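Trainee:
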Amino acid sequence: MMTNLEPMACGNCGHGLFRMYSAQREPSLKLVAQCNKCRSTSIIEPAPAALQIEFGEHSDGRLCCMRPTG
Ligand SMILES: [Zn+2]
Numbered sequence: 008m009m010t011n012l013e014p015m016a017c018g019n020c021g022h023g024l025f026r027m028y029s030a031q032r033e034p035s036l037k038l039v040a041q042c043n044k045c046r047s048t049s050i051i052e053p054a055p056a057a058l059q060i061e062f063g064e065h066s067d068g069r070l071c072c073m074r075p076t077g
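Using this note's numbering, read the sequence shown as starting at 8 and increasing by one per residue.
#1: Does DSSP classify Q59 as helix, strand or coil?
#2: Would G23 pass as an interface residue toward chain C - the criterion being a Cβ-Cβ separation below 8 Å?
#3: Would you say the beta carbon of C22 comes nearer than 7 Å to a heavy atom of ligand 1?
#4: Is it true that the CB of F25 sits closer than 8 Å to the CB of N11?
#5: Please classify R26: does DSSP put it in a helix, a strand, or coil?
#6: Using C-beta distances below 8 Å, list every residue in its chain close to V39, excluding the 5 sequence neighbours before and after it, in chain order.
#7: In this structure, does DSSP put L38 in helix, strand or coil?
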């Protein structure tokens, strides 16, 4: 039994069964879920990670990129 999972459904018709396809395209793998009822498709792919640098406690500055000035 799987726990802590939410069932997913088609956003168009509400059906809950899908056919899954994989589309290998460099540099990442995509998955396509096609609704068994209305044939709507959803593309599932990883998003590139992004770093965010915020001010820490008691900081007047934070890390930044130093670009040489002309
Ligand atoms: Zn559907």
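Even for Gly, the Cβ is constructed at its ideal location relative to N, Cα and C.
Computed from a prediction, not measured in an experiment: that's the story for all the values here.
Mentor: The structure says:
#1: By one-based count along the sequence shown, residue 59 stands at place 52. In the structure shown, Q59 sits in coil (DSSP, three-state: anything other than H, G, I, E or B).
#2: Note that chain C does not occur in the displayed structure, where there is just one protein chain.
#3: Your numbering for residue 22 matches position 15 in the sequence shown. Rather than Cys, the amino acid found at residue 22 in this sequence is His. It does: the Cβ of H22 is within 7 Å (strictly closer) of some heavy atom of ligand 1.
#4: On the sequence shown, position 4 is the one that residue 11 refers to. On the sequence shown, position 18 is the one that residue 25 refers to. Against a cut-off of 8 Å, the Cβ pair of F25 and N11 comes out as no contact.
#5: Along the sequence shown, read from residue 1 onward, the residue named residue 26 stands at position 19. R26: strand per DSSP, three-state reduction.
#6: In the sequence shown, the residue the question calls residue 39 occupies position 32. Within the same chain, V39 has close Cβ partners M27, Y28, S29, A30, T48, S49, I50, I51.
#7: Numbered from 1 along the sequence shown, position 31 holds the residue referred to as residue 38. L38: strand per DSSP, three-state reduction.
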